[in-house]
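Heads up: the sequence shown runs through residues 10 to 348, numbered per my numbering.
These notes are about the structure you will find just below.
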Amino acid sequence: MKPVLIIAEAGVNHNGSYEMACQMAVAAKKAGADIVKYQTAVPELVMSNKAPKAEYQKQTTGAEESQLEMAKKIHLPITDYRNLKEYCENQVGIKFLSTPFDHPSIEILHEIGMDCFKIPSGEITNKRFLERIGSFGLEVILSTGMSELSEIERALNTLVKSGTNFDQITVLQCTSQYPCPYEDINLKAMQTIQKAFGCHVGLSDHSVGIEVSIAAVAMGASLIEKHFTLDKNMIGPDHLASLSPDELGQMIRSIRNVELALGDGIKTARESEKPNILVGRKSIHAVKAMAAGSTIEFDDLIMKRPSDGISPYDEALIIGRTLKVDIEADHQFRLEDFQ
């Protein structure tokens, strides 16, 4: 089984600073993430000047400016992503990924050699967007916030029809709220998606804390995406719903431990517990001292540790038999004790 792929979502938590974006790559690598992911957009092509802010954006960045004005402040120029990819992969040693939100962003990311595309939840109904990404025939990660099963199915069909192999697609359960209330995370929907389409599944986790992502791994997620930030106190839409670098590291270590704990599913004694069979199980012992010539009855037997004598399941082998030796109370019976 492949290890769970863990994406440290930097998103726009660099607040438009290339230097901070680089620092986030270093922090993601140190925490143990497989991938550091950003968001690439030309804000004027993503939203109109009349697009309202989401409530969580108003709460974190104020209601005075528009969504477009906010986005202009926190996005890097798309010309920065070539250098950022080079820095992540060649200087830091962590895989680079960025989510496009418009067609020029798709093209620049394809041009610089990104070999996997993340489709954000808001684009699941954007047919032209899906068709262009599908045409590359690359790995695709599809987030499904705000969507119905029928919309997921339509998006999958569009990607496959456009040229993407179905086995290259991972579908993420996602709830598009920041931070997401626990009661709206709906982890079981991840399993519903897997059952409905037979696809690879994972979780894009917008909850506070690390436990939901850990639980998702135990439920079969093959990919976890989680926002992180260098400073939760910074101004910006996603910082409050993000992990600190230390929390990200703790989450990743916990996920790796859960992966080990899941095991192979074969129920048998594990190597670490085999020595405890002797001291943890029981064998047949004598309740009282008995003389040679005595006949063993049911009430003469007691089951005690250790287990290297006659198994309790084999009591029929000695009940009714005659002792050929004297025994003390607590004696561990052996077949050679009997005539």
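We put the beta carbon where it would ideally sit given N, CA and C, even for glycine.
Just so you know, these numbers come straight off a predicted model, no measurement behind them.
Output the distance between the C-alpha atoms of I261 and K235, rounded to the nearest integer angstrom. Locating residue 261 in the sequence shown gives position 252, where the first residue counts as 1. Locating residue 235 in the sequence shown gives position 226, where the first residue counts as 1. If you take the alpha carbons of I261 and K235, they lie about 10 Å apart.
Just verifying my parser: in three-state terms, what is the DSSP assignment at H23? Taking the first residue of the sequence shown as 1, we reach residue 23 at position 14. Coil.
Applying the 10 Å Cβ sphere with the 16-neighbour rule, what's the burial state of F307? Locating residue 307 in the sequence shown gives position 298, counting from the first residue. That one is exposed.
Taking the continuous alpha helix (DSSP H) assigned at D255, which residues delimit it? As a first step, residue 255 must be located in the sequence shown, where it is residue number 246. 254-271 is the extent of the alpha helix (DSSP H) around D255.
Suppose only complete runs of 3+ residues qualify. What are the beta strand (DSSP E) ranges in the segment 88-132, listed by chain order? 104-109, 125-128
In chain order, what residues of the same chain lie with their CB nearer than 7 Å to the CB of Q32, ignoring the 5 residues before and after it? Stepping through the sequence shown from its first residue, residue 32 is reached at position 23. So the list reads L239, once near-sequence residues are dropped.
Looking at P188 and V217, is the spacing between their C-beta atoms short of 8 Å? Start at 1 with the first residue of the sequence shown, and residue 217 comes out as number 208. Start at 1 with the first residue of the sequence shown, and residue 188 comes out as number 179. Yes.
Rounded to the nearest angstrom, what separates E132 and E282 at their Cα positions? Translated into the one-based positions of the sequence shown, residue 132 becomes position 123. Translated into the one-based positions of the sequence shown, residue 282 becomes position 273. Cα to Cα, E132 sits roughly 50 Å from E282.
So, under 8 Å CB-CB, S292 and Q341 are touching, yes? Tell me the CB distance rounded to an integer number of Å. If you number the sequence shown from 1, residue 292 lands on position 283. If you number the sequence shown from 1, residue 341 lands on position 332. Right, the Cβ-Cβ distance comes to about 6 Å (below 8 Å), so this counts as a contact.
Which of helix, strand or coil DSSP assigns to G143: Here residue 143 refers to the residue found at position 134 of the sequence shown. Residue state, collapsed to three classes: helix.
Would you check if the distance between the CB atom of S263 and the CB atom of C183 is smaller than 8 Å? Residue 263 sits at position 254 when you count from the first residue of the sequence shown. Residue 183 sits at position 174 when you count from the first residue of the sequence shown. No.
Give me the Cα-Cα distance between K104 and I15, rounded to the nearest whole angstrom. The residue given as residue 104 occupies position 95 in the sequence shown. The residue given as residue 15 occupies position 6 in the sequence shown. Cα to Cα, the separation comes out at about 11 Å.
Classify S57: buried if its beta carbon has 16 or more other beta carbons within 10 angstroms, exposed otherwise. Mapped onto the sequence shown, residue 57 falls at position 48. Per the 10 Å Cβ criterion, exposed.
So, at 7 Å on beta carbons, what are the nonlocal neighbours of F347 in its own chain, with the 5 sequence-adjacent residues on each side left out? If you number the sequence shown from 1, residue 347 lands on position 338. I327, R330, T331, L332, K333, listed in sequence order.
Using the beta-carbon count (16 or more within 10 Å), is N22 buried or exposed? For the purposes of this step, residue 22 is taken as residue 13 along the sequence shown, with counting starting at 1. Per the 10 Å Cβ criterion, buried.
What's the gap between the Cα of I142 and the Cα of A50? By one-based count along the sequence shown, residue 142 stands at place 133. By one-based count along the sequence shown, residue 50 stands at place 41. The alpha-carbon atoms of I142 and A50 are separated by roughly 15 Å.
On the premise that Y65 lies in contact with Q186, defined as a C-beta separation below 8 Å, what is that separation, rounded to the nearest angstrom? As a working mapping, residue 186 is identified with position 177 in the sequence shown. As a working mapping, residue 65 is identified with position 56 in the sequence shown. Indeed they touch by this definition, with Cβ atoms about 7 Å apart.
Just grab the DSSP bridge partners of V210 for me. For the purposes of this step, residue 210 is taken as residue 201 along the sequence shown, with counting starting at 1. According to DSSP, which records beta bridges pairwise, V210 is partnered with V180.
Assign Y47 to one of three DSSP states: helix, strand, or coil. In the sequence shown, counting from the first residue as 1, residue 47 sits at position 38. Reduced to three states, the DSSP call for Y47 is strand.
With distances taken Cα to Cα, identify the nearest neighbour of S144 among A230, D124, L158, L310. Indexing the sequence shown from 1 puts residue 144 at position 135. The option with the nearest alpha carbon to S144 is D124.
Using only the alpha-carbon positions, how far apart do K82 and H209 sit? Translated into the one-based positions of the sequence shown, residue 82 becomes position 73. Translated into the one-based positions of the sequence shown, residue 209 becomes position 200. In this model, K82 and H209 are separated by some 35 Å (Cα to Cα).
Give the C-beta separation of L287 and D317 to the nearest angstrom, bearing in mind that I take them to be a contact with Cβ-Cβ under 8 Å. In the sequence shown, counting from the first residue as 1, residue 287 sits at position 278. In the sequence shown, counting from the first residue as 1, residue 317 sits at position 308. With a Cβ gap of about 6 Å, L287 and D317 count as contacting.
Helix, strand or coil at M29 [DSSP, three-state]: Locating residue 29 in the sequence shown gives position 20, where the first residue counts as 1. Correct three-state label for M29: helix.
Selection from L181, A227, V45, L196 that minimises the alpha carbon distance to D273: Position 264 of the sequence shown holds residue 273. When each option's Cα is compared against that of D273, the closest is A227.
Between M312 and P321, what straight-line distance do the alpha-carbon atoms span, to the nearest angstrom? Taking the first residue of the sequence shown as 1, we reach residue 312 at position 303. Taking the first residue of the sequence shown as 1, we reach residue 321 at position 312. If you draw a straight line from the Cα of M312 to the Cα of P321, it is about 7 Å long.
CB-CB under 8 Å to G172, same chain, minus the five flanking residues each way: which ones, in chain order? In the sequence shown, counting from the first residue as 1, residue 172 sits at position 163. Closer than 8 Å at Cβ, skipping near neighbours: G143, S144, F145, G146.
So T108 and K46 are in contact, right, with Cβ under 8 Å, and what is the actual spacing, rounded? For the purposes of this step, residue 108 is taken as the residue at position 99 of the sequence shown. For the purposes of this step, residue 46 is taken as the residue at position 37 of the sequence shown. Cβ-Cβ separation between T108 and K46: approximately 7 Å, consistent with a contact (criterion under 8 Å).
Does the distance from the CB of A19 to the CB of A30 come in under 8 Å? Within the sequence shown, residue 19 is the residue found at index 10, counting from 1. Within the sequence shown, residue 30 is the residue found at index 21, counting from 1. Their beta carbons are under 8 Å apart, which means A19 touches A30 by this criterion.
Do the CB positions of V55 and D111 come within less than 8 Å of each other? Sequence index remark: in the sequence shown, residue 55 carries index 46 (1-based). Sequence index remark: in the sequence shown, residue 111 carries index 102 (1-based). Yes.
Counting C-beta neighbours from all protein chains within 10 Å, is the total for G211 16 or more, i.e. buried, or is it exposed? For the purposes of this step, residue 211 is taken as the residue at position 202 of the sequence shown. With 16 or more Cβ atoms within 10 Å of its Cβ, G211 is classed as buried.
Within this structure, are the beta carbons of I233 and S251 separated by less than 8 Å? Your numbering for residue 233 matches position 224 in the sequence shown. Your numbering for residue 251 matches position 242 in the sequence shown. Contact: no.
When you compare only the Cα positions, how much space is there between I244 and S231? Along the sequence shown, read from residue 1 onward, the residue named residue 244 stands at position 235. Along the sequence shown, read from residue 1 onward, the residue named residue 231 stands at position 222. Rounded to the nearest whole angstrom, the C-alpha separation of I244 and S231 is 32 Å.
Please confirm whether A34 and Y90 have their CB atoms less than 8 Å apart. Translated into the one-based positions of the sequence shown, residue 34 becomes position 25. Translated into the one-based positions of the sequence shown, residue 90 becomes position 81. No, the pair does not count as a contact, with Cβ atoms beyond the cut-off.
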